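Report on the structure given below.
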Amino acid sequence: DGAFETILVSTAGRVGTIQLDRPKALNALNAQTMDEVVSAAQKFDADPNIGAIVLLGSERAFAAGADIKEMSQQDFATMYAADWFAGWDALTRLRTPIVASVRGFALGGGCELAMMADVLIASETATFGQPEITLGVIPGMGGSQRLTRAVGKAKAMDLILTGRRIDADEAERIGLVSRVVPDADADDTARSVAAEIAAKSKPVAQMAKEAVNAAFETTLHQGIQFERRVFHALFSTQDQTEGMDAFVSKRDPQWSHC
Ligand code: CO8
């Protein structure tokens, strides 16, 4: 899309792809990148023909963090007035599943952006970290909260207080990413996972995502209630009727996405 300068946007079938493209800054995330990613992702989210979104970086860096050169010019008043980084929240409100492929550095805001994705694929050379403490700040795009929920207090404290980097194997072991694959396969794996999700009924996949996310926002009891109500509600959809009929008739389902 010619309207964007820091990302590349494309579609293939029912999958929409956003690739961070600031190679000279190792895909550091500045305000323009945030606006562009959010705007492209919102467009995909609203498109009934898109069932999943893929988020990619480059071989060297998924993203080496928030843009330190841009941030270094700010003071409290400008940060507060702009509600710095709040724009990223829009990405986490999207209902379409997001699959990220992380190759190279996912540091600071890069790691935090990766954690905003629903399924995280890492290449063998990916490295993750929250090095903000080495810059005299703390994570500012959700890291202290999402990392802690993803991997627990012990690892989150270790990573956020020391700023150390972990490799893809450790990231998988602690539950930060779902799969580690060879470098050459990471983006294709993300694309094929996205295609697999996009081949499902869109509203059903969205509700599944919503239900999993409820686990991070509610008590267990409220989460179970939410899941059960959504489960019941799905029995008013064409795709529930179709999915179960297809199973009983031993044929593939034809989703109407409604
Ligand atoms: N911001 C801006 N530019 C960057 C960034 C970044 N985060 N990371 C790399 N770059 C630039 C470099 O400045 C360099 O540019 P130039 O060629 O003009 O000097 C270019 O990318 C290439 O980088 P290097 O030469 O450093 O490449 P190396 O391979 O030697 O090192 C590293 C790669 C290890 C990734 C190194 O670049 C690095 O340490 N980067 C910074 C990583 C980091 O600390 N990230 C966290 C940033 S803070 C954050 O994301 C959250 C902020 C929360 C603040 C809360 C405020 C409200």
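For the record, in the sequence shown the residue sitting at position 128 is 137 according to the UniProt record's numbering, with numbers rising by one throughout. For each residue, glycine too, the CB sits at the ideal point set by N, CA and C. Values in this document were obtained by computation on a predicted structure and should not be read as measured data.
Closer than 6 angstroms by C-beta to residue i: which residues in its own chain qualify, once you throw out the five before and the five after it? Chain order, please.
{"i": "phenylalanine 13", "result": "Glu45"}
{"i": "threonine 157", "result": "Ala165"}
{"i": "glutamine 83", "result": "none"}
{"i": "alanine 203", "result": "Val24, Ala61, Val63 and Val108"}
{"i": "arginine 31", "result": "Thr15"}
Count the other CB atoms, across all protein chains shown, that sit within 10 Å of the CB of residue i; report buried if there are 16 or more and exposed otherwise.
{"i": "proline 106", "result": "buried"}
{"i": "phenylalanine 137", "result": "buried"}
{"i": "valine 221", "result": "exposed"}
{"i": "aspartate 261", "result": "exposed"}
{"i": "cysteine 120", "result": "buried"}
{"i": "lysine 209", "result": "buried"}
{"i": "glycine 151", "result": "buried"}
{"i": "arginine 237", "result": "exposed"}
{"i": "threonine 42", "result": "buried"}
{"i": "leucine 122", "result": "buried"}
{"i": "proline 140", "result": "buried"}
{"i": "phenylalanine 94", "result": "buried"}
{"i": "alanine 163", "result": "exposed"}
{"i": "aspartate 76", "result": "buried"}
{"i": "isoleucine 147", "result": "exposed"}
{"i": "arginine 155", "result": "buried"}
{"i": "serine 258", "result": "exposed"}
{"i": "alanine 242", "result": "exposed"}
In this structure, what does DSSP give as the bridge partners for residue i?
{"i": "valine 190", "result": "Ser132"}
{"i": "glutamine 28", "result": "Leu17 and Leu65"}
{"i": "serine 110", "result": "Leu65 and Ile130"}
{"i": "isoleucine 175", "result": "Phe137"}
{"i": "alanine 70", "result": "Phe114"}
{"i": "leucine 38", "result": "Ala75"}
Verify whether the separation of the beta carbon atoms of residue i and residue j is less than 8 angstroms.
{"i": "glycine 117", "j": "glycine 66", "result": "no"}
{"i": "glutamate 133", "j": "aspartate 197", "result": "no"}
{"i": "glycine 184", "j": "valine 160", "result": "yes"}
{"i": "arginine 188", "j": "isoleucine 142", "result": "no"}
{"i": "leucine 38", "j": "alanine 72", "result": "yes"}
{"i": "alanine 199", "j": "valine 186", "result": "no"}
{"i": "arginine 69", "j": "glycine 113", "result": "yes"}
{"i": "alanine 50", "j": "isoleucine 27", "result": "yes"}
{"i": "methionine 125", "j": "tryptophan 97", "result": "yes"}
{"i": "phenylalanine 240", "j": "alanine 223", "result": "no"}
{"i": "valine 18", "j": "alanine 99", "result": "no"}
{"i": "isoleucine 206", "j": "alanine 214", "result": "yes"}
Within the same chain, show all residues whose beta-carbon is closer than 7 angstroms to that of residue i, passing over the 5 residues directly before and after it, in chain order.
{"i": "phenylalanine 53", "result": "Gly25, Ile59, Ile62 and Thr105"}
{"i": "threonine 171", "result": "none"}
{"i": "lysine 218", "result": "Arg104, Pro106 and Asp127"}
Give every residue of the same chain whose Cβ lies closer than 8 angstroms to the Cβ of residue i, excluding the five residues on either side of it in the sequence, and list them in chain order.
{"i": "proline 212", "result": "Thr246, Asp248, His266 and Cys267"}
{"i": "threonine 227", "result": "Phe235"}
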